[in-house]
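Note sheet for the following structure.
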Amino acid sequence: MTVLDLNEIGLRTVNATLQSGSPEIKSFTVTNPMGAHAIACGLQGSLDVTIDGHAGFYCAGMNKDATITVKGHAGVGLAENMMSGTVRVTGNASQAAGATAHGGLLIIEGDASSRCGISMKGVDIVVGGSVGHMSGFMAQAGNLIVCGDAGEALGDSIYEANIYVRGKVESLGSDCEEKLMDTEHLASLTELLNRSGINADANTFKRYGSARTLYNFHPDNAGLY
Amino acid sequence: MCGIVGLYLKNEQLRPQLGSLFQPMLSEMKSRGPDSTGVAIYRDPVEGAEVKYSLAHDSAEFDWQLLSIGLASDCDCQSSIVQIDTHAILIADAPEQQVRDWIKHNHADIRLVGSGSSVEIFKEVGLPDDVYSRFGLSSTAGTHMIGHTRMATESAVTTAGSHPFATGADLCLVHNGSLSNHNRLREQLEKAGLEFQTENDSEVAAAYMTLKIREGATLREALEQALVELDGFYTFCVGTETGFAVLRDPIACKHAVLAETDDWVAMATEYRAIATLPGADAANIWEPKPQTIYTWGELS
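Structure representation (structure tokens):
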């Protein structure tokens, strides 16, 4: 395991080292992150990176295959546009966690703020706590699992994605509705919870998804424009 | 884009270090607002009938002592003044309105940027460390400070257009965001007798709260009404005599983070501004919810 002291060597050196693809070293710890932006962005390959402290904006963005753990909180845009791999935050995440992410698994053990999973395109997001308003906004594919509560306008303008919430939903957004939870969904939810290491019974969740009424322009609405 | 920060020291033993603890917070927000910097510091409260005024003039050569002597003579009061770069802190025991009227009548080129018992406001065009050093704030003691680094989006880069903006006695506002109905609101506020020094939208927010407080609202009520009447994006930090308040717009468009330990409470646009405080790693850190008023100290 190699230690990279961000305070000492700077963000560019930390990221350049992580992105260099050295075949010998696969395990890194980034110390003194001090809330810096874009830590461990654009990683490729089976690296194991631990960020020891609170990360700033856009941490672990565009991740491909790497396993990245933030031991602390993460700022805005965590794991933005992740393609694959695993990102875990032991604390809370700020706004737009997992935005536009295509794949991989994002685990936030604490709470996530507003717009979690905005425009998600295939990522699986598991939140141990609650999510803020407009989470799952325009979600296109993947699973958003919330073990706590969800804020206002959950799943607003959702295309296709599964949203599972165990707690209270403050309100559903436009075109988002509660769906039947069948065995296929229970199995998928159970598997994701297990893989995330989050202890919750899949049977206690409700599923939400798209009512699909916004897919096509409806002539009755012509006067609204 | 702007950066805002606030720090309240709960631990009295840290208060002699207020200036040095606050500087890295402000400095870290340089990239969010490199064109102007401003702070409000709460220190050295005056006593009795005295009121403290923060004054600014475009020229550092302005003769402030002459102003103080003239004020004392014309208003038959005790008056003292200390020049700090382009600003000066005036303390006078005449009624506040009399002092304000006297300054306006005799020195129209002076900007009165704040008043109260302990607040002092300093703001200038420039980078945080440069402005901080011009006003000699690194070694200052005090209970709390709020600050702003500005990246102007809708009005000129001037000293007058920098934050904080005063909203009443010992009250001032820093703003990250942009208001969309500020022109109409400014017209309404002008009709109600408020005067404006700039085209800045944040000055309108400050004037709005000034009017509400003047009409008898508490700061909390003024902030609640602001949620209804101010249209746009904002995270506000409002400095008060005893602490500060934080408010985000209903969709929480602009970033904000709060952190608290046994020794201090801090707010910032980003955590990196808080990271340099002692014990920040282990602080209780959370993101303020939209349209929720968070306060430290008494909110009168």
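For the protein sequence lines, the chains are S and F, in the order given.
Going from the first sequence to our numbering is simple: count from 1 and add 1468.
Going from the second sequence to our numbering is simple: count from 1 and add 475.
Note that CB positions come from ideal geometry on N, CA and C, so glycine has one too.
All values derive from a computational prediction rather than experimental measurement.
Not one beta carbon of chain F lies nearer than 8 Å to the beta carbon of His1686(S).
Sequence-distant Cβ neighbours of Ser653(F) in its own chain, meaning closer than 7 Å and more than five residues away, are Thr628, Glu629, Asp676, Gly707, Phe708. The stretch 743-757 of chain F makes contact with the stretch 1499-1506 of chain S: 3 or more CB pairs, one atom from each, lie closer than 8 Å. Contact between the stretch 482-498 of chain F and the stretch 730-739 of chain F is present: three or more C-beta pairs spanning the two stretches fall below 8 Å. For Phe497(F), the enclosing alpha helix (DSSP H) stretches over residues 493-503. Between Phe711(F) and Ile621(F), the C-beta gap is not smaller than 8 Å, which leaves the two residues out of contact. Straight-line spacing of the CA atoms in Ile596(F) and Val713(F) works out to 13 Å.
Taking 9 Å as the cut-off between beta carbons, the residues of the stretch 754-769 of chain F near chain S are Ala755, Asp756, Ile760, Trp761, Glu762, Lys764, Pro765, in sequence order.
Of the other Cβ atoms in all chains shown, 16 or more fall within 10 Å of the Cβ of Pro765(F); this residue is therefore buried. The beta carbons of Gly1619(S) and Ser1582(S) sit about 7 Å from each other, so the pair counts as a contact at 8 Å. Counting only the Cα atoms, Leu686(F) lies some 13 Å from Glu662(F). Within the same chain, Cβ atoms closer than 7 Å to the Cβ of Gln540(F) are found at Ile556, the five residues on either side in sequence being excluded. By the criterion of at least three beta-carbon pairs nearer than 8 Å, the stretch 686-704 of chain F is not in contact with the stretch 491-505 of chain F. At a cut-off of 8 Å between beta-carbon atoms, Ser1562(S) makes contact with chain F. Within the stretch 1502-1514 of chain S, the residues whose Cβ lies closer than 7 Å to any Cβ of chain F are, in chain order, Met1502, Gly1503, Ala1504. Inter-residue distance for Cys550(F) and Val574(F) is about 8 Å (C-alpha atoms, whole angstroms).
For the stretch 680-698 of chain F, there are no residues whose beta carbon sits under 7 Å from a beta carbon of chain S. Asp568(F) and Asp538(F) have their alpha carbons spaced roughly 21 Å apart. Asn1662(S) has its alpha-carbon roughly 16 Å from the corresponding atom of Val1633(S). Counting along the chain, Thr770(F) sits inside the beta strand (DSSP E) bounded by residues 769-771.
Glu1577(S) counts as buried, since no fewer than 16 other beta carbons sit within 10 angstroms of its beta carbon. Judged by DSSP in its simplified three-state form, Arg659(F) adopts helix. Glu1659(S) sits in a helix when the DSSP states are folded into three classes. The alpha-carbon separation between Glu1646(S) and Ser1656(S) amounts to approximately 17 Å. Classified as buried, Tyr517(F) has 16 or more neighbouring CB atoms from the shown chains inside 10 Å of its CB. In the DSSP assignment, Tyr683(F) falls within the alpha helix (DSSP H) that extends over 676-689.
In this structure, Ser593(F) sits away from Pro639(F), with a CB-CB distance that is not shorter than 8 Å. By the beta-carbon neighbour count (other beta carbons within 10 angstroms, threshold 16), Val1599(S) is buried. Under a 10 Å Cβ-count criterion, His580(F) is classified as exposed, with fewer than 16 other Cβ atoms of the shown protein chains found around its own Cβ.
In terms of beta-carbon proximity, Ser1598(S) stays away from the interface with chain F, with every pair separated by 8 Å or more. In summary, Tyr683(F) is buried, with 16 or more beta-carbon neighbours lying within 10 Å of its beta-carbon over all protein chains present.
Take Asp1520(S), set aside five residues on each side of it, and the residues of its chain with a beta-carbon closer than 6 Å to its own are Thr1497, Thr1499, Lys1539, in chain order. DSSP places Cys550(F) in the uninterrupted alpha helix (DSSP H) bounded by 539-550. Here Gly513(F) really is in contact with His623(F); their C-beta atoms are around 5 Å apart, less than 8 Å. Here Tyr607(F) is buried. Its C-beta has 16 or more other C-beta atoms within 10 Å.
The Cβ of Ser1581(S) sits closer than 8 Å to at least one Cβ of chain F.
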